[in-house]
Each structure stands twice: as structure tokens, then as C-alpha cells.
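A.B. asks:
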Amino acid sequence: MIIGIPKEIKKNEFRVAATPNAVADLVRRGNTVLFETDCGVGSGFSNADYIAAGGKECAHEEVYKSCDMLYKVKEIEEAEYDLLHEGQIVFTYLHSNAHPDMAKELMARGVTGIAYEDITDENGGFPALAPMSVLAGKGGFLAALYFAQSVHGGNGMLLSRIPGVPTPEVTIIGCGNSGMGAAELAAAFGNKVTILDVNWKAMEAAKDKLPANVEFLYSNRENLVACLKRTDVLINCILWPKTRKDHLVNREDLKMMKSGALIIDVACDDAGAVETCVSTTHDDPIYYEEGILHYCVDNIPSAFSCTASQTLSAATLPHAIAIAQKGVEQALLDNAHLRRGLTTYKGKLTLLETAEKHNMAYTDPKDAILGK
Ligand SMILES: NC(=O)c1ccc[n+]([C@@H]2O[C@H](COP(=O)([O-])OP(=O)(O)OC[C@H]3O[C@@H](n4cnc5c(N)ncnc54)[C@H](O)[C@@H]3O)[C@@H](O)[C@H]2O)c1
-13 MIIGIPKEIK KNEFRVAATP NAVADLVRRG NTVLFETDCG VGSGFSNADY IAAGGKECAH
47 EEVYKSCDML YKVKEIEEAE YDLLHEGQIV FTYLHSNAHP DMAKELMARG VTGIAYEDIT
107 DENGGFPALA PMSVLAGKGG FLAALYFAQS VHGGNGMLLS RIPGVPTPEV TIIGCGNSGM
167 GAAELAAAFG NKVTILDVNW KAMEAAKDKL PANVEFLYSN RENLVACLKR TDVLINCILW
227 PKTRKDHLVN REDLKMMKSG ALIIDVACDD AGAVETCVST THDDPIYYEE GILHYCVDNI
287 PSAFSCTASQ TLSAATLPHA IAIAQKGVEQ ALLDNAHLRR GLTTYKGKLT LLETAEKHNM
347 AYTDPKDAIL GK
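Residue numbers are given in this note's numbering: position 233 of the sequence shown equals residue 219, and the series is strictly consecutive.
1) Measuring from the CB of residue 226, is there a heavy atom of ligand 1 at a distance below 7 angstroms?
2) In whole angstroms, what separates the C-alpha of residue 287 from that of residue -3?
3) Is there at least one non-hydrogen atom of ligand 1 closer than 7 angstroms to the beta-carbon of residue 287?
4) Within a Cβ cutoff of 7 angstroms, which residues of the same chain sit near residue 290, ignoring the five residues on either side of it in sequence?
5) Can we count residue 291 as close to ligand 1, meaning its CB is less than 7 angstroms from some heavy atom?
6) Taking only three categories from DSSP, how would you classify residue -10?
7) Can you list, in chain order, the residues of its chain with a C-beta nearer than 6 angstroms to that of residue 39? Leave out the 5 residues immediately preceding and following it.
8) Could you tell me the distance, in whole angstroms, from the CA atom of residue 74 to the CA atom of residue 53?
9) Exposed or buried, what is residue 325 when buried is set at 16 or more other beta-carbons lying within 10 Å of its beta-carbon?
10) Beta-carbon within less than 8 angstroms of residue 18's beta-carbon, same chain only, minus the 5 sequence neighbours each way: which residues are those?
11) May I ask which residues mark the beginning and end of the beta strand (DSSP E) holding residue 365?
12) Who are the Cβ neighbours of residue 276 in its own chain at under 7 angstroms, not counting the five residues just before and after it?
13) Which residues mark the beginning and the end of the beta strand (DSSP E) in which residue 98 is found?
14) Would you check if the distance between the CB atom of residue -5 and the CB atom of residue 84 is smaller than 8 angstroms?
15) Pick from 147, 172, 163: whose alpha carbon is nearest that of residue 156?
16) Could you name the residues of the same chain whose beta carbon sits closer than 8 angstroms to that of residue 321, not counting the 5 residues immediately before and after it, in chain order?
17) Taking its Cβ as the centre, do 16 or more other Cβ atoms sit within 10 Å of residue 316, making it buried, or is it exposed?
18) Mind checking who residue 219 pairs with in its DSSP beta bridge?
19) Between which two residues does the alpha helix (DSSP H) harbouring residue 85 extend?
20) Buried or exposed: where does residue 179 fall if 16 or more other Cβ atoms within 10 Å of its Cβ makes it buried?
21) Following a CB-centred definition, is residue 122 positioned closer than 7 angstroms to any heavy atom of ligand 1?
22) Going by CA-CA distance only, name the one from 343, 170, 340, 334 that's closest to residue 354.
23) Would you identify the three-state DSSP class for residue 352, choosing helix, strand or coil?
24) Would you say the beta carbon of residue 188 is closer than 7 angstroms to some non-hydrogen atom of ligand 1?
25) Tell whether a beta-carbon distance below 8 angstroms holds between residue 115 and residue 95.
26) Of the choices 310, 22, 130, 262, whose alpha-carbon is the least far from that of residue 14?
27) Please report the residue range of the alpha helix (DSSP H) in which residue 292 lies.
28) So what's residue 286 in DSSP terms, helix, strand or just coil?
29) Compute every distance between the C-beta of residue 362 and the non-hydrogen atoms of ligand 1, then say whether any falls below 7 angstroms.
30) Look at the alpha carbon of residue 230 and the alpha carbon of residue 258, and state the distance between them as a whole number of angstroms.
31) Kindly indicate which residue of 59, 50, 225, 246 has the alpha-carbon position closest to the one of residue 256.
Quick look at the structure:
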């Protein structure tokens, strides 16, 4: 199979879908890998690294037009539409829920779209999302460390245990992948960390992985209010259902927080668990509501592109190999977890959530592949 790795065009997106090691693996199996000049530079991989791995360097358009499978990171943007062709596989984060026009475009062009974010694993997890969430949680704590500094708009508190000074308190809501990432760093810096969750099993499992300066509380209104009053940093790591209209932290609640406290919204759902959350960018990451600094960057992992590209590439490579070696239909039929990510196929929409949200016709992925 001819596999194309483009340089991402989205602003501040420095990740690349496949590292040189992944390219070497694909080439060893008899595939041709076309890589766009400088596709890995933002992640610390040079063109020479890709050439040494057996890749062939190409210009932007050539990568899109010549490959059977476009292996990338971000969704397809308007500028890329005309570069796609019928029967081409697009393997990437698609987020068709948020980009219905893109989904329609892929359908109209007969493109097979497979979304990383919907691929599942045998534990019910999302293997291409989890590593990014962990990085986002860690990046969220590092953002707190940075923006708490007086020179960056904070109250000048060092989020670390310093003798003679009260130990800072960090509250994390959500004990999943991102919550664990945030907690690991916040605790390692010596802060008093409290994690709130509704899932006892998640907290029980986390207890064994985190040090003793992490306390676990059931997430209920009373516990949350107690934390809001005393915390120096609130980090939101809840996976908030898109259909939920209420909030855990309301605008009014901000008034009970300490002056100089920060809200880091890793989950980054506009008016989601945190009512005052509005997603921001790396270029303009913070704003204030009720005197509380908010950091709500929606692609935190991109700031750690070298690390993120390696974990993302490792998570998606087994599926890319299966698609390349078996052909996309067989790979999808053989693996229900990969099939879960099938979004568009031969003009049909095969992702239920997007069909329901945008009132579009839905076809079961297996039926679509078998032509039923
Ligand atoms: N900003 C970014 O760059 C970025 C990057 C990656 C992921 N994310 C987002 O971060 C969010 C979390 O992702 P994750 O992988 O950590 O999710 P996850 O499913 O691993 O964890 C979510 C946790 O929230 C808990 N939870 C649910 N309701 C709760 C409540 N009322 N109170 C307290 N806890 C509650 C769940 O029990 C679960 O343990 C997602 O929305 C994801 O899209 C953002």
C-alpha cells in the first residue's frame, strides 16, 4: 500500500502521525511511505530521519494525490478537500461530530474515513485518546505552575512544598487519564492534591499508583464546595457528556474561591462542567472570569509534540499495519475495535453519534462494508 504522511496544516499543530520508527516498520512490510517535506520537524524528526527509515520525500499535493491511505493527525480542512480521491483512506482524528461539513465532504468524495478517537480496545478504553489525555493532564498542571507565577499574571505562588510556607492545594475533578496525569505531576511537586470522582473503582485503582499526598473524595456538591473554598488550583478533567446542559462549577461558585486561585480546564468543554469555560488557544491561552484566571487550551498535547507524536504513532501503528497488510475492508471486518472508528465509507455515514447529532442517515459499518 502507498501511505502518505502530510505535514499538518492546522495552526499550532506540531504533531506528526508516524515517527521514523513507524515508517521503518511499514516499509519493512513492503509498503511505500511518502512523507511531506518537514512533516516531522515540529516533533523533532528531520527529513533525513524519514529517508533513513525508507520514506520517500514529496511535496504537499503529491503526498495527498499519490497515496492510498492518508495517515495524519488532525481532521480534514477545506483546503485539503480537493486533494482527496475516491476510495482513499483517511486515518486521523476526524471529530465528525464537531465537523459535519467535513463528514459530508468525505462522503461526497467516496473517502473511507477512520477516526482515531472512536477506536476502542478490549478494556472499553480509547487507546488513541488515552495517551493524549495523560499528556493534557500533565500539561494542565504545568500550565498552572507557569500561570501562578507573578510574571505571568498569577499571584506568585510556587506550586511546590517549601519549608516554612503553606503547601499549595490542587483540586482535580475527574480521576481518569487526564486527572491521573495532572495528579502525578502535582503530587510529585509536593502539593496537597485532592481528586474528586463519582467512580469509586477509579479512585481505588488510582490510590495504588499515586503517593500519600493525594486524597480522594466522592464528587458531590458538599465536597466540591469545600475544595473550591480552599484550593489554589482547580483542574477540570471530567469527560462531560456533550448533551449535558448543567455545570458542576457555576459562575457564582467562583466568588467563593481564593483570590489568585486558577482554573485549568483540561476537559475544555465550552460551558461544560465549568460554566465559565470557553476554549482558548496556545497563542492566547488565558482569560479572567470573576477575577479567576482560566486556562482552557483545547489542544494541550500539541505543546509536547515530540512526546505526543511518539505515543500517538505507537497507538495507531498496529491498525495502520493491519489496514496496509490486509486491505481496509478485511482489517475492518476482522477487528470490531477498529470498525468502531469507521466514520464514512463509500458515501455512507457509519458513525452513529454524528448521524444522531446532525440528523443524518446512518449505516451500520459492517453493513456498509458488506454492501448490504
Ligand atoms: N485540552 C486538551 O488538549 C485535551 C486533550 C485530551 C483530552 N481532553 C479532554 O479531557 C477530558 C477527559 O478525558 P479523559 O481521557 O481523562 O477521560 P476519562 O474518561 O479517562 O476520565 C473522566 C473521569 O471523569 C469522571 N467523572 C464523571 N463525572 C464526574 C463528576 N460529576 N465528578 C467527578 N468526576 C466525574 C469519570 O468517572 C472518569 O473517571 C475529555 O473531555 C477529553 O476530550 C482534552
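Note that CB positions come from ideal geometry on N, CA and C, so glycine has one too.
C.D. replies: Reading from the atomic positions:
1) Yes, the beta carbon of residue 226 sits closer than 7 angstroms to at least one heavy atom of ligand 1.
2) Between residue 287 and residue -3, the C-alpha separation is close to 14 angstroms.
3) With a cut-off of 7 angstroms, the C-beta of residue 287 is classified as near ligand 1, since at least one heavy atom of the ligand falls inside that distance.
4) Taking residue 290 as the centre and dropping the five residues before and after it, the same chain places the C-beta of 121, 125 closer than 7 angstroms to its C-beta, in chain order.
5) Incorrect: residue 291 has no Cβ contact closer than 7 angstroms to ligand 1.
6) Strand.
7) For residue 39, the CB contacts under 6 angstroms within the same chain, skipping 5 residues up- and downstream, are 6, 9, 10 in chain order.
8) If you take the alpha carbons of residue 74 and residue 53, they lie about 8 angstroms apart.
9) Residue environment analysis places residue 325 among the buried positions, since at least 16 neighbouring C-beta atoms fall within 10 angstroms of its C-beta.
10) So the qualifying residues of the chain are -13, -12, -11, 42.
11) Residue 365 is absent from the structure shown; the chain starts at -13 and stops at 358.
12) Closer than 7 angstroms at the Cβ level, and outside the excluded window around residue 276, lie 237, 240, 241.
13) Residue range 98 to 101 is occupied by the beta strand (DSSP E) that includes residue 98.
14) The answer is no: Cβ separation not under 8 angstroms.
15) Out of 147, 172, 163, 172 has the C-alpha closest to the C-alpha of residue 156.
16) Correct list, in chain order: 305, 308.
17) The residue in question, residue 316, is exposed, as its Cβ has fewer than 16 Cβ neighbours within 10 Å.
18) BP columns for residue 219 point to 156, 248.
19) For residue 85, no alpha helix (DSSP H) run applies, since DSSP gives it neither H nor E.
20) The residue is buried, with at least 16 neighbouring Cβ atoms inside 10 Å.
21) Because some heavy atom of ligand 1 lies under 7 angstroms away, the Cβ of residue 122 counts as near it: yes.
22) Looking only at 343, 170, 340, 334, the smallest Cα-Cα distance to residue 354 is reached by 334.
23) Here residue 352 sits in helix by DSSP.
24) Checking every heavy atom of ligand 1 against the Cβ of residue 188, one is found closer than 7 angstroms.
25) Against a cut-off of 8 angstroms, the Cβ pair of residue 95 and residue 115 comes out as no contact.
26) The option with the nearest alpha carbon to residue 14 is 310.
27) Bounds of the alpha helix (DSSP H) holding residue 292 are 291 to 312.
28) The answer is helix: DSSP assigns residue 286 an H, G or I state.
29) This structure gives no information on residue 362, because the portion of the chain shown stretches from -13 to 358.
30) Near 8 angstroms, if we compare the C-alpha coordinates of residue 258 and residue 230.
31) Nearest neighbour of residue 256 by Cα position, chosen from 59, 50, 225, 246, turns out to be 225.
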